[in-house]
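Chemist: Mapping to full-length UniProt numbering: the sequence shown position 153 is 153, numbers consecutive.
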Amino acid sequence: MASSAATAEKVAEAPKPIYLKDYTAPDYRFAKVVLDFELGEEVTVVGNTISVEPTFAAGGDPRPLFLNGDPTVELAGVEVNGTALDASAYVLTKKGLTITAPPAAPFELKITTKIKPQENTELEGLYKSSGNFCTQCEAEGFRRITFYQDRPDVMSEFTTRITADKAKYPVLLSNGNLVDSGDLDGGKHFTVWEDPFPKPAYLFALVAGDLGMIEDKFTTKSGREVALRIYVEEHNLDKADWAMVSLIKSMKWDEDVFGLEYDLDLFNIVAVDDFNMGAMENKSLNIFNSRLVLATPQTATDMDYSAIEGVVAHEYFHNWTGNRVTCRDWFQLSLKEGLTVYRDQEFSADMNSRGVKRIGDVARLRMAQFPQDAGPMAHPIRPESYIKMDNFYTVTVYEKGAEVVRMYETLLGKDGFRKGMDLYFERHDGQAVTCDDFLAAMADANGADLTAFKPWYSQAGTPKLDVTTEYDAAAKTFTMTCTQSTPTTPGQSDKKPVLMPIAVGLLASDGSDMELTLEGEAGAAGETTKVLRFSEASQTFVFTDVAEKPVPSILRNFSAPVRLSTDLTQEDLIFLMANDSDQFNRWEAGQTLTRALLLDLVEKAGKGEELVMDQAIVDAMRNIVNLAKEKGADKAFIARAMALPSEGELSEMVVPADPDVIHAARDFVVKTLAKELKEELLWTMRDNTSEKYERDGESRAARTLKNTCLALLSYLEDPEIDAEAFRRFKTADNMTDQISALSALSGRADCVEREEAIDAFYEQWKHDPLIMNKWLGLQAGASLPNNVENVKRLVDHPAFDIKNPNKVYSLVGGFVGGTPINFHAADGSGYEFLGDIVLKIDKLNGGVAARMVGGFTRWRKYDEKRQEMMKAQLERIVKTEGLSENVFEIVSKSLE
Ligand code: 0A1
Ligand code: ZN
């Protein structure tokens with residue numbers, strides 16, 4: 001029952017969801033698995049010998065054993081205890097293989113399958129990238145290799161034998177330790193790998209290819225010497241050093257901060273060009289999208305370097321949070337992902353500027369997760385159902401999940417959190433567990449009652465937090481009244497209040513932090529930030545001994561993932577911007593201020609009224625820019641504080657959103673600021689321009705600031721600035737500066753330098769696919785009028801390849817997530833482009849298509865005409881025959 005056509009696995013009828021409430025433990029344990037891969041150009045044969053043990057008591061009726069499968073896998077044999085099974089003893093469907101009456105005692109099951117990795121465009125299971133074999137098994141890709149209980153609570157010890165042509169595939173890797181290797185007849189060779197740690201199939205990995213390697217080593221705190229190897233294509237060998245540095249830093253950090261050590265003698269990373277996501281934490285054989293490994297100053301930006309550092313750490317940290325302790329079922333995904341994102345965020349904060357890292361993480365949460373939580377795909381961090389698990393690798397499960405983990409830390413303190421982590425590993429090492437188990441470990445280790453914290457796992461939607469304040473001069477008290485509510489989301493109308501930590505500081509008139517005493521609590525001497533435990537629908541907190549009317553700094557460090565509204569005045573916000581000791585809230589005050597101004601102007605622009613700039617905000621911005629002149633100024637923070645809320649963020653706050661009006665209002669503010677602050681911006685840009693590229697923190701911060709100034713100045717549409725940008729483009733000695741200068745030109749409609757720079761960049765870098773992604777993305781997101789025509793032309797450009805996820809994310813994702821005026825063009829041309837290309841991508845890769853079709857999910861936010869046009873695209877897509885389950889799920893939920 002084989003089918004080689006990728007389309008055969010697409011849906012014919014509406015697929016059925018899987019529910020958390022239906023979870024049952026497996027009837028069979030897989031104690032050991034021996035895999036035998038014969039890799040071929042035409043066909044790959046996979047032997048899969050499993051030691052099966054029933055988990056139920058002997059006697060009674062036999063229970064069927066269901067093994068997940070896929071239509072792309074050809075079943076070539078089934079044996080039980082060495083005897084071939086008669087076809088009447090099993091049932092084979094598109095979804096899998098059922099052995100109807102297996103033996104009641106432990107037995108050996110041998111499955112043989114044939115697959116065609118060279119035809120696998122979904123990039124799940126075993127596939128080929130740049131001629132090399134590689135795997136991606138999370139979430140449910142292993143079933144595209146062989147029939148198996150492909151669920152995370154089935155954990156086995158894997159032995160893997162790989163046989164392949166030696167000349168074509170000199171490197172043969174799998175999980176664990178290399179226990180045998182050798183040459184075979186016919187120019188072939190083999191390796192055998194044994195992984196002593198039981199693992200679910202989603203952590204299985206195999207790589208076979210012609211790859212170069214860099215090597216280093218790390219000695220763990222208890223003296224284990226670990227060989228560290230990074231495999232890349234030979235011509236990229238000079239670009240893997242930063243990933244290695246990042247790996248070594250991660251290993252050390254996890255020992256220092258969590259006491260967690262690596263547990264094998266070998267740790268491998270392999271970089272591949274064709275990969276659906278960022279990277280994958282397969283046990284001891286991490287596979288990475290090459291964009292998250294390869295970097296030199298000339299080819300990668302400072303942002304790329306940070307992303308590599310963070311993702312290398314993330315995958316490494318999964319060795320404990322994900323691999324040693326894994327998930328019972330996929331609904332628990334946030335158990336490993338939320339926790340591991342929290343860990344990588346903390347690592348990056350320790351390696352760089354903590355406050356700036358936090359600001360970036362919160363900005364991302366607001367830009368991407370808040371909208372998801374407010375739309376038709378809203379789901380709790382522990383979802384309750386899914387059709388295609390791949391659709392739930394979301395900003396909610398990951399980033400909101402990380403915020404939930406961070407709240408434990410804020411509520412329990414650093415030491416309390418560490419105690420909870422220690423107990424979690426003590427209890428669950430080697431197990432597949434649930435989010436409830438994590439909460440229980442945190443609560444038990446600290447003797448804390450966390451019952452009121454549980455709704456964070458089950459409720460979707462971003463809670464709204466309102467805070468009003470009152471100072472009583474006679475009583476010297478400061479009272480905060482907090483109210484919370486969580487909005488209705490699809491399928492969830494009845495929301496409970498939830499325990500959230502609200503970190504608060506009170507500023508005296510000289511800008512210093514006051515010492516705080518909360519009524520009913522003994523004041524800890526010198527405490528200037530208090531964490532309020534807010535768990536009711538409404539609650540009042542009273543600070544005592546408050547000598548003068550303070551300016552409150554509320555939700556310091558963004559202590560809970562909520563939408564906050566307060567009664568702070570514009571004056572208070574300007575005061576906080578200048579004085580708050582909490583860096584996050586200093587930034588946040590500026591954002592609140594500019595957000596209010598922008599929303600006001602959006603309203604005025606919508607009514608066709610004249611737009612007038614608020615001089616107080618110009619002055620506040622000038623003060624920010626001028627901070628750069630001070631000795632020891634935090635330039636990365638200044639650059640962050642200069643950035644205004646994006647058009648996307650604003651469109652979340654306006655109903656209905658008109659992208660043209662929002663663009664006009666924001667453009668007006670940016671242009672006015674650029675005009676008013678031109679001298680300061682020019683000065684700061686030049687003052688922060690260095691002779692030569694350096695990569696230390698200070699140099700990076702200066703570079704960010706300089707390029708932020710250039711970006712603002714480019715709004716002036718001034719030929720002199722264009723000429724300066726072009727000169728900077730040509731003389732740049734690193735990618736950060738080069739791409740920033742190109743970006744400053746890319747939105748300039750009638751400027752000769754624009755096209756010249758775009759062409760020159762192409763000629764310089766056309767041999768490097770990762771840099772071509774930048775080139776495509778930059779053009780796709782540009783705010784040029786009628787940019788959709790450029791994007792359509794780029795689809796046919798040799799730099800684009802519809803089969804490569806990175807290229808699709810850059811060009812199509814760059815267009816949809818770039819300047820809203822083009823995707824939302826009033827004539828519907830942007831929508832039509834997305835509808836057309838989603839259907840083309842879906843024929844090749846449902847997972848990638850589903851990510852792109854997400855551009856339509858918020859259709860209800862827009863004006864009537866746009867709603868109609870977006871809905872029409874969704875309806876056209878959902879009616880298409882042979883649609884993938886991935887796209888079906890997103891589109892059908894969007895239309896509900
Ligand atoms: N566990 C990985 C994410 C990942 C998920 C699915 C993939 O392919 C469909 C690939 C990677 C991580 O969190 O890094
Ligand atoms: Zn992860």
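A virtual CB, placed ideally from N, CA and C, is assigned to each residue, including glycine.
Buried or exposed: Leu184, going by 16 or more other Cβ atoms within 10 Å of its Cβ?
Modeler: Taking the first residue of the sequence shown as position 1, residue 184 is located at position 184. Label assigned to Leu184: exposed.
Chemist: With distances taken Cα to Cα, identify the nearest neighbour of Tyr231 among Ala208, Val752 and Glu194.
Modeler: Translated into the one-based positions of the sequence shown, residue 231 becomes position 231. Nearest of Ala208, Val752 and Glu194 to Tyr231, Cα basis: Ala208.
Chemist: Within the same chain, show all residues whose beta-carbon is closer than 8 Å to that of Arg563, passing over the 5 residues directly before and after it, in chain order.
Modeler: Within the sequence shown, numbered from 1, the residue matching residue 563 stands at position 563. The answer, listed in chain order, is Phe370, Thr462, Pro463, Lys464 and Leu465.
Chemist: On the DSSP bridge list, what partners appear for Ala432?
Modeler: The residue labelled residue 432 in the question sits at position 432 within the sequence shown. DSSP output for Ala432 lists Thr326 as bridge partner(s).
Chemist: Chain C beta carbons: is any one of them nearer than 9 Å to that of Asn175?
Modeler: The structure shown contains no chain C; it holds only a single protein chain.
Chemist: Quick one: Cα of Arg291 to Cα of Leu776, how far?
Modeler: Along the sequence shown, read from residue 1 onward, the residue named residue 291 stands at position 291. Along the sequence shown, read from residue 1 onward, the residue named residue 776 stands at position 776. Roughly 15 Å between the two C-alpha positions.
Chemist: So Asn773 packs on Lys807, CB below 8 Å; how close in whole Å?
Modeler: Counting from 1 along the sequence shown, the entry for residue 773 is found at position 773. Counting from 1 along the sequence shown, the entry for residue 807 is found at position 807. Their Cβ separation, rounded to whole angstroms, is 6 Å, which keeps Asn773 and Lys807 in contact under 8 Å.
Chemist: Would you say residue 921 touches the ligand ZN, meaning its beta carbon is less than 8 Å from a heavy atom?
Modeler: Given that the chain is displayed from residue 1 to residue 896, the structure contains no residue 921 and the question cannot be resolved.
Chemist: Could you tell me if the beta carbon of Thr410 falls within a distance shorter than 8 Å of some heavy atom in the ligand ZN?
Modeler: Here residue 410 refers to the residue found at position 410 when the sequence shown is read from its first residue. No; taking the cut-off as 8 Å, the Cβ of Thr410 has no heavy atom of the ligand ZN nearer than that.
Chemist: If you draw a straight line from the C-alpha of Asn623 to the C-alpha of Gly590, how long is it?
Modeler: On the sequence shown, position 623 is the one that residue 623 refers to. On the sequence shown, position 590 is the one that residue 590 refers to. Cα to Cα, the separation comes out at about 11 Å.
Chemist: Between Gly430, Phe147, Ser559 and Asn120, which has its C-alpha nearest Cys134's C-alpha?
Modeler: Residue numbering aside, residue 134 sits at position 134 when the sequence shown is read from its first letter. Looking at the Cα atoms, Asn120 is the closest of the given residues.
Chemist: Among Thr529, Phe534, Ala105 and Leu506, which one has its Cα closest to the Cα of Ala547?
Modeler: Along the sequence shown, read from residue 1 onward, the residue named residue 547 stands at position 547. Looking at the Cα atoms, Leu506 is the closest of the given residues.
Chemist: How should Thr7 be labelled, buried or exposed, when 16 other C-beta atoms within 10 angstroms of its C-beta is the threshold for buried?
Modeler: Here residue 7 corresponds to residue number 7 of the sequence shown, with the count starting at 1. Low local confidence applies: a pLDDT of 39 at Thr7 is under 50, so the model's placement there is unreliable, and no value is given.
Chemist: What does the Cβ neighbour count give for Phe56, buried or exposed, with the cut at 16 atoms within 10 Å?
Modeler: If you number the sequence shown from 1, residue 56 lands on position 56. So Phe56 counts as exposed.
Chemist: Cutting at 6 Å between CB atoms, please list the residues of its own chain near Asp36, excluding the five before and the five after it.
Modeler: Start at 1 with the first residue of the sequence shown, and residue 36 comes out as number 36. Here the set comprises Gly47 and Arg161.
Chemist: For Ser51 and Ala25, I'd like the C-alpha separation in whole angstroms.
Modeler: As a position in the sequence shown, residue 51 is number 51, starting the count at 1. As a position in the sequence shown, residue 25 is number 25, starting the count at 1. One C-alpha to the other measures close to 18 Å.
Chemist: Is Asn68 close to the ligand 0A1? I mean its beta-carbon at under 8 Å from any heavy atom of the ligand.
Modeler: Here the question's residue 68 lines up with position 68 in the sequence shown. No, Cβ of Asn68 sits at least 8 Å from all heavy atoms of the ligand 0A1.
Chemist: Note down the Cα distance separating Gln431 from Ile18, rounded to an integer number of angstroms.
Modeler: On the sequence shown, position 431 is the one that residue 431 refers to. On the sequence shown, position 18 is the one that residue 18 refers to. The alpha-carbon atoms of Gln431 and Ile18 are separated by roughly 23 Å.
Chemist: Give the straight-line distance between the Cα atoms of Thr396 and Gly187, rounded to the nearest whole angstrom.
Modeler: If you number the sequence shown from 1, residue 396 lands on position 396. If you number the sequence shown from 1, residue 187 lands on position 187. Answer to the nearest angstrom: the Cα atoms are 49 Å apart.
Chemist: Considering only residues of the same chain and omitting the five flanking positions on each side of Phe417, which have a CB-CB separation below 8 Å?
Modeler: Mapped onto the sequence shown, residue 417 falls at position 417. The residues are Tyr408, Glu409 and Met442.
Chemist: Only counting the same chain, and skipping five residues up and downstream in sequence, which positions put a Cβ closer than 7 Å to that of Arg876?
Modeler: Walking along the sequence shown from the start, residue 876 turns up at place 876. Contacts found: Gly835.
Chemist: Looking at Val270 and Leu228, is the spacing between their C-beta atoms short of 9 Å?
Modeler: Stepping through the sequence shown from its first residue, residue 228 is reached at position 228. Stepping through the sequence shown from its first residue, residue 270 is reached at position 270. In this structure, Val270 does not lie closer than 9 Å to Leu228 by Cβ.
Chemist: Quick check: does the Cβ of Phe275 come within less than 8 Å of any heavy atom belonging to the ligand 0A1?
Modeler: In the sequence shown, residue 275 corresponds to position 275, counting from 1. Phe275 Cβ: within cutoff of the ligand 0A1.
Chemist: Give a yes or no on contact between the segment 269 to 289 and the segment 812 to 829, applying the rule of three or more CB pairs nearer than 8 Å.
Modeler: Verdict: no, contact absent.
Chemist: Enumerate in chain order the residues of its own chain whose CB-to-CB distance from Leu895 is below 6 Å, with the five nearest sequence positions on each side excluded.
Modeler: Residue 895 sits at position 895 when you count from the first residue of the sequence shown. Result list for Leu895: Leu874, in chain order.
Chemist: Where do the ends of the alpha helix (DSSP H) carrying Phe190 lie?
Modeler: Locating residue 190 in the sequence shown gives position 190, where the first residue counts as 1. Not the alpha helix (DSSP H): Phe190 falls in the beta strand (DSSP E), residues Lys188 to Lys199.
Chemist: From what residue to what residue does the alpha helix (DSSP H) around Tyr316 run?
Modeler: Position 316 of the sequence shown, counted from the start, is the residue given in the question as residue 316. Looking at the DSSP string, the run of the alpha helix (DSSP H) that includes Tyr316 is Asp302 to Phe317.
Chemist: What do you get for Met1, buried or exposed, if any count of 16 or more other CB atoms within 10 angstroms of its CB means buried?
Modeler: Residue 1 sits at position 1 when you count from the first residue of the sequence shown. Caution is warranted here: a pLDDT of 34 is assigned to Met1, below 50, making its placement in the model unreliable, and no coordinate value can be reported.
Chemist: Tell me whether Lys604, by its Cβ, gets closer than 8 Å to a heavy atom of the ligand ZN.
Modeler: Here residue 604 corresponds to residue number 604 of the sequence shown, with the count starting at 1. The answer is no for Lys604.
Chemist: Output needed for Asp614: all residues of its chain with C-beta closer than 7 Å, excluding positions within five of it in sequence on either side, in chain order.
Modeler: Counting from one through the sequence shown, the residue named residue 614 turns up at place 614. Same-chain partners within the cutoff: Leu597.
Chemist: What three-state label does DSSP hand Glu676 in the structure shown?
Modeler: Here residue 676 is taken as the residue at index 676 of the sequence shown, counted from 1. Helix.
Chemist: Short of 8 Å in beta carbon distance, which residues of its chain neighbour Tyr393, apart from the five on each side in sequence? Order them along the chain.
Modeler: Within the sequence shown, numbered from 1, the residue matching residue 393 stands at position 393. Hits under 8 Å: Ala139, Met277, Leu333 and Glu337.
Chemist: Compute the Euclidean distance between the alpha carbons of Leu65 and Asp265, then round it to the nearest angstrom.
Modeler: In the sequence shown, counting from the first residue as 1, residue 65 sits at position 65. In the sequence shown, counting from the first residue as 1, residue 265 sits at position 265. Leu65 and Asp265: Cα-Cα distance of roughly 36 Å.
Chemist: Closest to Leu568 by C-alpha separation, out of Glu588, Arg343 and Gly69, would be which residue?
Modeler: Here residue 568 corresponds to residue number 568 of the sequence shown, with the count starting at 1. When each option's Cα is compared against that of Leu568, the closest is Glu588.
Chemist: Bridge partners for Thr112 per DSSP, in chain order?
Modeler: Translated into the one-based positions of the sequence shown, residue 112 becomes position 112. Answer by DSSP bridge pairing, in chain order: Gly47 and Gly77.
Chemist: Measuring only the C-alpha atoms, how far is Glu255 from Asp344?
Modeler: Against the sequence shown, residue 255 aligns to sequence position 255. Against the sequence shown, residue 344 aligns to sequence position 344. Cα to Cα, Glu255 sits roughly 14 Å from Asp344.
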